[in-house]
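What follows is a short report on a single structure.
Residue numbers (full-length UniProt numbering): 1 to 1273.
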């Protein structure tokens, strides 16, 4: 069938990335300048201090010492609560095997006291608190609490380290480890011991996660593996030394003190270990990072004197990618996006396996017999070589392969224990040791792997959660070992099978060796997301991985991801299919904005042709030269009043290969007219057109096609002509050129069927044609001016072996077709275009500059990196044809496995999310084969023909069909899809998600805002006027001023909650914190460019955006000047309704004047409720203009673009009481007068002597109320 849609004339052109260069349009209110960010990833830390120097070595060695107490505290339970022989002594001694009950005079009584074997350990936790018999489970509880505490510590301290830096949580965990460790040794009650053990374990988990991340963030990529090994070795040494310490200190309390006291040494970290410079850069503390990097550069003697400039460029690059989510990154961000979710779950499972395997196998080794101290020391010693093996393997094989191999070794070794008898104790010991070594290598590998997978903003959280998963495994490990009493094969089968599963999940993870650490959430999502490149059997997989990473580093599209409106269309059949026949029905639109409908033009069950007369027709039929069922259309082109259709000679009986129909033909199934005439298509003529598959019309009104010269492809294949390019002048219908391809253009298995023409309308003699050889994987370039051709080859032209399996029309088949679909962008500034291409059996889109292709010396095309990866379209997105609309730069693709059409805006990164299926019908659009755009009418046409049924069936009957359908405006269809389909599941900029509910706002302000009658009245009136004025002419802007805690933030939040269905979670609500996002005065110009870009993109995405700027008084002077064009009357436009935005500025400037003016009015006898806006407004603007901060000497004030300056009056005692009451009620407690008075007693009122106003408003009342409630409980 052929269907059509009209292309929108008003679709926005978005300036984006092209070949690795990020070009952003930055408006300054007057002219437009272009700012280029070449997308180069700058690692300021490594550039400033080097990959590994004296300072990094000292810091990493010092930090690795934390692993000694980590090993001691985690494993000491082996010696503190070992198995001891015991005998019942009360109520009587017994010689039976049951030492828990005793039979006295026929009555079974429980033992209450026991005598323990103290030959090895004089006192243990078990003997001190009698944790035997009915109390034996308490020993297991202690172990579980210990591991659970480590788990909590990983999560809590990991989160704290991401929020407050690495150093403070590290020191806090060391202090907690000291205090709780000593407490465990002296506590007299077992429940108290469990609590202190929990705190001690939390501290252990905290030191583990924070110390490791510091190491990873200060060393270069090539040394991460080495540092990870050094970091792990002290744990093994700690395990070995623990055996010696326990040998010397046999009493559990003495042992507890012995393993705790050395942590005092770790307090020296306060002076030795600085804050992580990478974390400081990630949270915007460039100045502090520069100080550290400059000091370290001197120690390392790197000679880098441009550290501030390096840091500035680093931050500029990262800020251009960073979103609001990065500033508020949370645990959920590990799972929010598809790629991060897969990586997180896979790596977390491997941590569980490592925790269970390492701790479980270490305990399982005790079941082979022998001395407990020696066995324990051996289990630690064998891990040391495992660490060095991991070092070698991670550098040589990569992180991913090392983790897979170590998991397999551990799994196979454990499973082998099932079949090895106990008589071969030495072999069982070797297998257990081999399993421990495998798990040791896996543990070392997964530490580094996870540290490199997660982006900086959630790295500590990711590593902390990973370590938490290891704790889950270690919690379960003792119980798995205890299953040995049920069946001896239980522990080995569990310890063996889970690592195998973990190895399989590793296949989903990308390799991280040698990669720059991802910084932002977008980096983390993009990392490893690129599809595999086309490759042949001679390519090195490692080279492919390196090229893959280089492509990933060179192209970044994240800045413009949300700024591009989706290209979307929806089709639906209007009625059912008659009698089950595959007959195309009218495609209609359910509803469109401008009332257009999808009109059917033509439909066929069989193709008919216009013969010169009926006699000739009969002769063709009788001779077998016309067999109706063998005529199947494939190619499509549109030229003014004609539609060109190709009918390839798949089999004998095709009347004409090249045909047309008049576009004004109103019949339902018009006959095809041979083009340019009947004789030219007569296969029996000596120089006829034999077999053209696809045709293209160029800008000079010429029809181009490739005549393959082959007939009866599915039957008795016959070569009638050499492969030729045929060009026909559509004005005269004459063939104006035939060019036979040279032998060097083809290979033995070549099949060249598709092409695209590159020419300017005013330079018709300077045309190029690009021909795809999908069978021999090459591209042939033809120059009209030179009348010459040359062949180009590249690995990207190959098919993807993973995408060659098809299921269409009930047929399963495999194709190995390579480069096929070709599409050209408009001409770029350099005079060249970009050719996008993909393999038929592939889902990856590639691109190359036509400058590379037009080099007939093949110098440019021999550069492998001249070809680039655009992205991948997602599963089952194969298709033969594509076209790019030259006005909108939107690419359209046929989708043969989805029976539809997909589209993608070429100005954004190609991902499965940005590739949109715009039309689909599993009965009427089976195998869409070709696309064409008519630029005169702005219509897109699609041909579908159910080709697989034709290829695989010998019984072609009336069920074979093709259809032509008319066109409709793509903008209308897109609007319908966007409104009724996409917007049903995603927030959109429409009335369903954005509606200013003034009643809700009024209710919120009346019930939750105290003492602000001026703000309430002014804001409500301003919003009512804003809502009722259809042509505002400018954005609405407020500036809220007052002391802290008076409700400025609350009101901004109330407006967002009343404007958006999703409230402050709406993607159209944009919050900026002056202190956090604009911290450095010297970076004002950078901030202005970034802020302007963010505002511009947000308004393009949705004119009804809400922008809130908090702590304006903490912003550097001049940043807000860039907002004047957005706030003023009609000085900036996004080609639509752009004046519905709201800007709110929150500031403490002018607060001193507000307090003084209100006090003066009070002294004059004017009550608070009688004050008016006029009493304060001019005072505020003058104060804000003159005080230091974002408004100081600001153009936003001087140009009078802020509509309302609103005073938030200082709160009096009655207002604070209301706040306190609501805080209690919020916690479901009805407060008494005494409780409220107590809350107020913590508040400070000023100015003296009257002390009428709360100094901090209601800001601190929530914390005071929480304290009161806690003390009551």
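C-beta atoms are modelled at their ideal positions from N, C-alpha and C, and glycine is treated no differently.
Open item on the list: With a threshold of 7 Å on Cβ separation, who are the neighbours of residue 1239 within its own chain once the five nearest residues in sequence on each side are excluded?
Closed with: Within the chain shown, residue 1239 is the residue found at index 1239, counting from 1. Apart from the 5 residues on each side of it in sequence, residue 1239 sits with its Cβ closer than 7 Å to the Cβ of 1220, 1261, 1264, 1265, 1268 in its chain, given in chain order.
Task: Pairwise C-alpha distance: residue 307 and residue 48 - done: Walking along the chain shown from the start, residue 48 turns up at place 48. Walking along the chain shown from the start, residue 307 turns up at place 307. Taking C-alpha positions only, residue 48 is separated from residue 307 by approximately 6 Å.
Open item on the list: Under DSSP, the alpha helix (DSSP H) around residue 832 begins and ends at which residues?
Closed with: Locating residue 832 in the chain shown gives position 832, counting from the first residue. Here residue 832 belongs to no alpha helix (DSSP H), and DSSP marks it neither H nor E.
TODO: Quick one: residues in its chain with C-beta nearer than 6 Å to the C-beta of residue 714, no 5 flanking neighbours on either side, listed in chain order?
DONE: Working through the chain shown from its first residue, we reach residue 714 at position 714. Counting only Cβ-Cβ distances below 6 Å, and skipping sequence neighbours, we find 650, 651.
Open item on the list: So, at 6 Å on beta carbons, what are the nonlocal neighbours of residue 1087 in its own chain, with the 5 sequence-adjacent residues on each side left out?
Closed with: As a first step, residue 1087 is located in the chain shown; it is residue number 1087 there, counting from the start. The beta carbon of residue 1087 lies closer than 6 Å to those of 1078, 1119 in the same chain, with the five residues before and after it left out.
Task: Sequence-distant residues of the same chain with beta carbon closer than 6 Å to residue 433, five excluded per side - done: Looking up residue 433 in the chain shown gives position 433. Only residues of its own chain outside the window of five on either side were considered, and among them 382 have a CB closer than 6 Å to the CB of residue 433, listed in chain order.
Task: Close-in-space but distant-in-sequence residues of the same chain around residue 289 (CB under 7 Å, 5 per side omitted) - done: Counting from 1 along the chain shown, the entry for residue 289 is found at position 289. Once the five neighbours on either side are set aside, the close Cβ partners of residue 289 are 277, 280, 281, 311.
Open item on the list: So if DSSP puts residue 86 in a beta bridge, which residue, or which two residues, is it bridged to?
Closed with: Looking up residue 86 in the chain shown gives position 86. Per DSSP, 116.
Task: Simplified DSSP state of residue 919, which is helix, strand or coil - done: The count along the chain shown starts at 1 and reaches residue 919 at position 919. Looking at residue 919 - three-state DSSP - the assignment turns out to be strand.
Task: Top-ranked residue by Cα proximity to residue 646, from 640, 653, 76, 632 - done: In the chain shown, residue 646 corresponds to position 646, counting from 1. Shortest Cα-Cα distance from residue 646 to any of 640, 653, 76, 632 involves 632.
TODO: Please report how far the alpha carbon of residue 956 lies from the alpha carbon of residue 770, in whole angstroms.
DONE: Against the chain shown, residue 956 aligns to sequence position 956. Against the chain shown, residue 770 aligns to sequence position 770. Because residue 956 sits at a pLDDT of 34, beneath the cut-off of 50, its placement in the model cannot be relied upon, and the following sentence gives the value as read from the coordinates. The alpha-carbon separation between residue 956 and residue 770 amounts to approximately 34 Å.
Open item on the list: Please return the same chain residues whose Cβ sits closer than 7 Å to the Cβ of residue 89, not counting the five positions on each side in sequence.
Closed with: For the purposes of this step, residue 89 is identified with residue 89 of the chain shown, where counting begins at 1. Result list for residue 89: 113, 114, 115, in chain order.
- [ ] Quick one: residues in its chain with C-beta nearer than 6 Å to the C-beta of residue 69, no 5 flanking neighbours on either side, listed in chain order?
- [x] For this step, residue 69 is matched to residue 69 along the chain shown. Answer for residue 69: 263, listed in chain order.
Open item on the list: By the three-class DSSP mapping on this structure, what secondary structure does residue 818 have?
Closed with: For this step, residue 818 is matched to residue 818 along the chain shown. Coil at residue 818, not helix or strand.
- [ ] Identify whether residue 724 lies in helix, strand or coil by the three-state DSSP scheme.
- [x] Indexing the chain shown from 1 puts residue 724 at position 724. Under the three-state reduction of DSSP output, residue 724 falls in the strand class.
Task: Per-residue burial, residue 798 [other beta carbons within 10 Å of its own, 16 or more giving buried] - done: Walking along the chain shown from the start, residue 798 turns up at place 798. With 16 or more other Cβ atoms within 10 Å, it is buried.
Task: Member of 793, 768, 775 whose CA lies at the smallest distance from the CA of residue 781 - done: To locate residue 781, count along the chain shown from 1; it is residue 781. Residue 781 has its Cα closest to that of 768, out of 793, 768, 775.
Open item on the list: What ranges does the alpha helix (DSSP H) occupy inside the region 218-306, keeping only unbroken runs of at least 4 residues that lie completely in it?
Closed with: Listed in chain order, they are 224-248, 252-260, 269-272, 277-282, 286-300.
TODO: My understanding is that residue 146 touches residue 77, with C-beta atoms under 8 Å, so please give their C-beta distance in whole angstroms.
DONE: Within the chain shown, residue 146 is the residue found at index 146, counting from 1. Within the chain shown, residue 77 is the residue found at index 77, counting from 1. Their Cβ separation, rounded to whole angstroms, is 6 Å, which keeps residue 146 and residue 77 in contact under 8 Å.
Task: Spatial distance of residue 534 from residue 842 (CA atoms) - done: Counted from its first residue, the chain shown places residue 534 at position 534. Counted from its first residue, the chain shown places residue 842 at position 842. Because residue 534 sits at a pLDDT of 35, beneath the cut-off of 50, its placement in the model cannot be relied upon, and the following sentence gives the value as read from the coordinates. Taking the straight line joining both Cα atoms gives about 8 Å.
TODO: Reducing DSSP to helix, strand and coil, say where residue 671 ends up.
DONE: The sequence position of residue 671 within the chain shown is 671, counting from 1. Coil at residue 671, not helix or strand.
- [ ] With a threshold of 16 other CB atoms inside 10 Å of the CB of residue 519, please say whether the residue is buried or exposed.
- [x] In the chain shown, residue 519 corresponds to position 519, counting from 1. With a 10 Å radius around the Cβ and a threshold of 16 neighbouring Cβ atoms, residue 519 comes out buried.
Open item on the list: Quick check: what's the CA-CA separation for residue 755 versus residue 707?
Closed with: Against the chain shown, residue 755 aligns to sequence position 755. Against the chain shown, residue 707 aligns to sequence position 707. In this structure, the CA atom of residue 755 is about 11 Å from the CA atom of residue 707.
TODO: Determine the contact status of residue 67 and residue 274, defining contact as a CB-CB distance below 7 Å.
DONE: Along the chain shown, one-based indexing puts residue 67 at 67. Along the chain shown, one-based indexing puts residue 274 at 274. Taking the C-beta atoms as reference points, residue 274 is found no nearer than 7 Å to residue 67.
Open item on the list: Please give the ranges of any beta strand (DSSP E) in the region 1072-1126, keeping only runs that are unbroken, at least 3 residues long and fully inside the region.
Closed with: Within the region 1072-1126, the complete beta strand (DSSP E) runs of at least 3 residues are 1106-1110.
Task: C-alpha distance - residue 822 paired with residue 909, whole-angstrom precision - done: Stepping through the chain shown from its first residue, residue 822 is reached at position 822. Stepping through the chain shown from its first residue, residue 909 is reached at position 909. Rounded to the nearest whole angstrom, the CA to CA distance from residue 822 to residue 909 is 18 Å.
Task: residue 253 versus 199, 1062, 79, residue with shortest Cα-Cα distance - done: Within the chain shown, numbered from 1, the residue matching residue 253 stands at position 253. The shortest Cα separation from residue 253 among 199, 1062, 79 belongs to 79.
Open item on the list: Considering Cα atoms alone, identify which of 846, 853, 178 is closest to residue 832.
Closed with: Counting from 1 along the chain shown, the entry for residue 832 is found at position 832. It is 853 whose Cα lies nearest to the Cα of residue 832.
Open item on the list: Going by DSSP, what residue range makes up the alpha helix (DSSP H) through residue 799?
Closed with: The sequence position of residue 799 within the chain shown is 799, counting from 1. Under the DSSP assignment, residue 799 falls outside any alpha helix (DSSP H); it carries neither an H nor an E label.
Open item on the list: Since residue 467 and residue 205 should fall inside the 8 Å C-beta cutoff, what is the C-beta to C-beta distance between them, to a whole number of angstroms?
Closed with: To locate residue 467, count along the chain shown from 1; it is residue 467. To locate residue 205, count along the chain shown from 1; it is residue 205. The Cβ separation is near 7 Å, so the contact holds.
TODO: Go ahead and label residue 268 buried or exposed: buried means 16 or more other beta carbons lie within 10 angstroms of its beta carbon, across all protein chains shown.
DONE: Locating residue 268 in the chain shown gives position 268, where the first residue counts as 1. Counting Cβ neighbours within 10 Å, residue 268 comes out exposed, since fewer than 16 surround it.
- [ ] Label residue 157 either buried or exposed according to how many other C-beta atoms from any shown protein chain fall within 10 Å of its C-beta, with 16 as the threshold for buried.
- [x] The residue labelled residue 157 in the question sits at position 157 within the chain shown. So residue 157 ends up on the buried side.
Task: Delimiting residues of the beta strand (DSSP E) encompassing residue 642 - done: Here the question's residue 642 lines up with position 642 in the chain shown. Note, residue 642: beta strand (DSSP E), 642-646.
- [ ] Taking 7 Å as the cut-off, decide whether the C-beta atoms of residue 197 and residue 184 are in contact.
- [x] In the chain shown, the residue the question calls residue 197 occupies position 197. In the chain shown, the residue the question calls residue 184 occupies position 184. Between residue 197 and residue 184, the gap from beta carbon to beta carbon is short of 7 Å.
Open item on the list: If contact is defined by three or more beta carbon pairs under 8 Å, each pair taking one atom from either stretch, is the region 717-736 in contact with the region 693-705?
Closed with: These segments touch.
Open item on the list: Taking the alpha-carbon of residue 688 as reference, which of 186, 674, 696, 911 has the nearest alpha-carbon?
Closed with: As a position in the chain shown, residue 688 is number 688, starting the count at 1. Among 186, 674, 696, 911, the Cα nearest to that of residue 688 belongs to 674.
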